[in-house]
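Below is one structure, written out as structure tokens; the observations come after it.
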Amino acid sequence: MFGPYACRLALATHHEAASPARLPARARMAYYALQGMSLVIPLPRLMRDQEKAEIERPQIYDEHLLNLMVNRIYNLPEVQVDPAAPRRINVLVPAFTISTISAGFFGVFNVALFIAEQGYRVRLVLFDNFNYDARQFREALARFPTMEKLFERLDIEYIGARTQPLRVSTHDNCVATVWYSAYFAEKIAGLTGQRPFLYLIQDFEAAFHPFNSLYCMARRSYALRYHTLASSSALLAYLRQQAIISDDPQLRASSFNNACSSSIYPAEQFRQAKAQSGKRLVFYSRPAVNRNMFEMAALALIEAFKQGAFAAETWEFYGMGIGNTTVQLGPGVVVRQLPRMSLQEYQDVTKTFDLCLTLMSSPHPSLIPIDLAAAGAIVVTNTFETKTADYLTGISANIIPAPPELPALTQALVEGARRTADVEARLRHAEVNWPRSWDETWTDAHRAMIREVFADV
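To convert, note that position 438 of the sequence shown is 428 in this note's numbering; the numbers rise steadily by one, no gaps.
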């Protein structure tokens, strides 16, 4: 009736015994409804009863459910060594949905294609149980650059239903692509000669979890025997600095940079578009993904708005990411969430923005800051351990790095809004120090590493 936002405001006002006079109309109505309800049932008692009911709600955990909760690392697919099976490198791919497939999966697929280009037979092994439709997958991938011929260049096998074992040769090896796939790679290695597998690490994934079962399981995956291929030098430096990966000289470790997906207007059109009145800010807002630091980013944006960072001109505010989120900056001023976009739609819209706020509580730089900087926007993002200010500005001077603290991020937004006026500098610094295509990503050093890691395949 009132909506969750109005109810939260009303409840907070009630708890604080504050005046409802300044609440929005809907929240004020919710407040008075709560007050009326509390005459019949005291609100504190109602909340205590609800909390007690939730705590005491019957819950049954059996072995199958518990295994699902930990990504089935103790209940892995059956593997069968077949002397007649061809030699292959098995890229172990977790579940995904076409509508929300992320840049990380395109990293996986492009690594698989790169290995195949070195002369190896490569198989994508879709090992999770999910709704996989080969035709839909093929049609969806055809819309993305470098993905058009994925099905022609690679073997693709879905084993999530577990109706048959995965057949491997004694010479097969694997690429783990997510922490729980490392356990599957270890199982396959145990049947094929105990050779180290290749661990494609696109973030320190143990940090995706609080200190719980999943954290410990993810953390242990880095103690297995593997060669490391890390996404970005900053991430590799962090893995080494924290002794997360092995320092065994027999195990190789290298990094690469995922190609960005940027698009920018031609120079003269850029100048004309950015000289027009009115500016656009985009906030990479993903409340469901903790490492994107939604709360701190939204508070910094609200504080910058309150300080008048956007008062000199007309600004439009947009959110981008998974979910349907509205951030209230002030009376009548909101950040409106853009719909989920195709890659082409994403490239078309990113070049229209003047300022971007995107945070990542991770040593990985993420691709959003690079995409937007390469599109000529000023980008505010955070530092993190080995992801230093020098590292980020070395990618592009369009990036304004700040410590992950509210005052620093707020001031970075104030500075960013001011710097959007220098159109020539924005255009100049759009020449980012980062690959714009996967052909630019790979070097002879990467080719040599792949040949060394998979010499026995």
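All C-beta atoms, glycine included, are put in the ideal place defined by N, C-alpha and C.
List in chain order: all unbroken beta strand (DSSP E) runs of 3+ residues lying wholly within the region 282 to 360.
305 to 310, 317 to 320, 323 to 327, 345 to 347
Which first and last residues belong to the alpha helix (DSSP H) in which K139 is found?
Here the question's residue 139 lines up with position 149 in the sequence shown. It is not in any alpha helix (DSSP H) - K139 carries neither H nor E in the DSSP assignment.
Report back the beta-carbon spacing between A365 and T340 to the nearest angstrom; my notes put them in contact at under 8 Å.
Within the sequence shown, residue 365 is the residue found at index 375, counting from 1. Within the sequence shown, residue 340 is the residue found at index 350, counting from 1. Their Cβ separation, rounded to whole angstroms, is 5 Å, which keeps A365 and T340 in contact under 8 Å.
Within 10 Å of its beta-carbon, does L347 have 16 or more other beta-carbons around it, so buried, or fewer, so exposed?
One-based indexing of the sequence shown puts residue 347 at position 357. L347 should be labelled buried.
Report buried or exposed for F201, applying the criterion of at least 16 other Cβ atoms within 10 angstroms of its Cβ.
By one-based count along the sequence shown, residue 201 stands at place 211. The residue is exposed, with fewer than 16 neighbouring Cβ atoms inside 10 Å.
Might you give, ordered along the chain, the residues of its own chain that have their beta carbon closer than 8 Å to the beta carbon of T304, omitting 5 neighbours on each side?
Taking the sequence shown and counting its residues from 1, one reaches residue 304 at position 314. Excluding positions up to five away in sequence, the list reads S267, G268, K269.
Does the region 220 to 235 come into contact with the region 383 to 391, if we say contact requires no fewer than three beta-carbon pairs (one atom in each stretch) closer than 8 Å?
no
Just verifying my parser: in three-state terms, what is the DSSP assignment at S223?
Here residue 223 corresponds to residue number 233 of the sequence shown, with the count starting at 1. Residue state, collapsed to three classes: helix.
Report yes or no: do the region 130 to 137 and the region 160 to 173 share at least 3 C-beta pairs separated by less than 8 Å?
A contact is defined here as three or more CB-CB pairs under 8 Å, and the region 130 to 137 fails this definition with respect to the region 160 to 173.
Which of the three DSSP states is assigned to I88 in this structure?
Walking along the sequence shown from the start, residue 88 turns up at place 98. Here I88 sits in helix by DSSP.
Can you tell me which of the three DSSP states Q25 falls into?
Looking up residue 25 in the sequence shown gives position 35. Three-state DSSP puts Q25 in a helix.
Return the CA-CA distance between R409 and L403, expressed in angstroms with no decimal places.
Mapped onto the sequence shown, residue 409 falls at position 419. Mapped onto the sequence shown, residue 403 falls at position 413. Rounded to whole angstroms, the gap between the alpha carbons of R409 and L403 is 10 Å.
For M283, which residues in the same chain have their Cβ closer than 6 Å to its Cβ, ignoring the five residues on either side in sequence?
Locating residue 283 in the sequence shown gives position 293, counting from the first residue. Correct list, in chain order: L349, S351.
Could you tell me the boundaries of the beta strand (DSSP E) in which A166 lies?
On the sequence shown, position 176 is the one that residue 166 refers to. Segment 163 to 166, the beta strand (DSSP E) holding A166.
Taking only three categories from DSSP, how would you classify Q126?
The residue labelled residue 126 in the question sits at position 136 within the sequence shown. Residue state, collapsed to three classes: helix.
Using DSSP bridges, identify the partner residues of H217.
Indexing the sequence shown from 1 puts residue 217 at position 227. Per DSSP, L188.
Grab me the residues of V325's own chain with a C-beta within less than 6 Å of its C-beta, minus the 5 sequence neighbours each way, in chain order.
Translated into the one-based positions of the sequence shown, residue 325 becomes position 335. The answer, listed in chain order, is F273, F307, G309, V317.
Closest by CA to M19, which one among K264, T3, P32?
Locating residue 19 in the sequence shown gives position 29, counting from the first residue. Comparing Cα-Cα distances from M19 to each of K264, T3, P32, the minimum goes to T3.
Is it true that the CB of F117 sits closer than 8 Å to the CB of L144?
Against the sequence shown, residue 144 aligns to sequence position 154. Against the sequence shown, residue 117 aligns to sequence position 127. No, they are not a contact pair.
Among the residues of its own chain, which have a CB less than 8 Å from the CB of A257, if the five just before and after it don't count?
Within the sequence shown, numbered from 1, the residue matching residue 257 stands at position 267. Closer than 8 Å at the Cβ level, and outside the excluded window around A257, lie L417.
Using the Cβ count rule (16 or more neighbours within 10 Å means buried), how would you classify C250?
By one-based count along the sequence shown, residue 250 stands at place 260. Result: buried.
Would you identify the three-state DSSP class for N100, choosing helix, strand or coil?
Here the question's residue 100 lines up with position 110 in the sequence shown. DSSP, reduced to helix, strand and coil, places N100 within a helical segment of the structure shown.
Take H497 as the anchor and find which of E375, M207, A151, R242 has the nearest alpha-carbon.
Any answer about residue 497 is impossible in this case: the structure gives the chain only from -9 up to 447.
Just verifying my parser: in three-state terms, what is the DSSP assignment at Q70?
For the purposes of this step, residue 70 is identified with residue 80 of the sequence shown, where counting begins at 1. It is a strand residue.
G183 to A387, Cα distance in whole Å?
Translated into positions along the sequence shown, residue 183 becomes position 193. Translated into positions along the sequence shown, residue 387 becomes position 397. Approximately 49 Å, taken between the alpha carbons.
So, at 7 Å on beta carbons, what are the nonlocal neighbours of D361 in its own chain, with the 5 sequence-adjacent residues on each side left out?
In the sequence shown, residue 361 corresponds to position 371, counting from 1. Cβ neighbours of D361 beyond the five flanking positions: C250, S251, S252, T340.
With H, G and I counted as helix, E and B as strand and the rest as coil, what does DSSP make of I45?
Numbered from its first residue, the sequence shown carries residue 45 at position 55. Reduced to three states, the DSSP call for I45 is helix.
Leaving out the 5 sequence neighbours to the left and right, which residues in its chain are closer than 6 Å to F141 when beta-carbon positions are compared?
Position 151 of the sequence shown holds residue 141. R128.
How big is the Cα-Cα spacing for E414 and Q262?
Position 424 of the sequence shown holds residue 414. Position 272 of the sequence shown holds residue 262. Going from the Cα of E414 to the Cα of Q262 covers about 11 Å.
Can the beta-carbon of I105 be found closer than 8 Å to that of I368?
As a first step, residue 105 must be located in the sequence shown, where it is residue number 115. As a first step, residue 368 must be located in the sequence shown, where it is residue number 378. Against a cut-off of 8 Å, the Cβ pair of I368 and I105 comes out as no contact.
For I452, which three-state DSSP category applies?
The structure shown does not extend to residue 452, since the chain is modelled only from -9 to 447, so the question has no answer here.
For R330, collect the residues of the same chain with a Cβ closer than 6 Å to its Cβ; drop the 5 residues on either side in sequence, then sort them by chain order.
By one-based count along the sequence shown, residue 330 stands at place 340. Around R330: no qualifying Cβ.
Use the C-beta contact count for V98: other C-beta atoms within 10 angstroms, 16 or more gives buried, fewer gives exposed.
One-based indexing of the sequence shown puts residue 98 at position 108. Label assigned to V98: buried.
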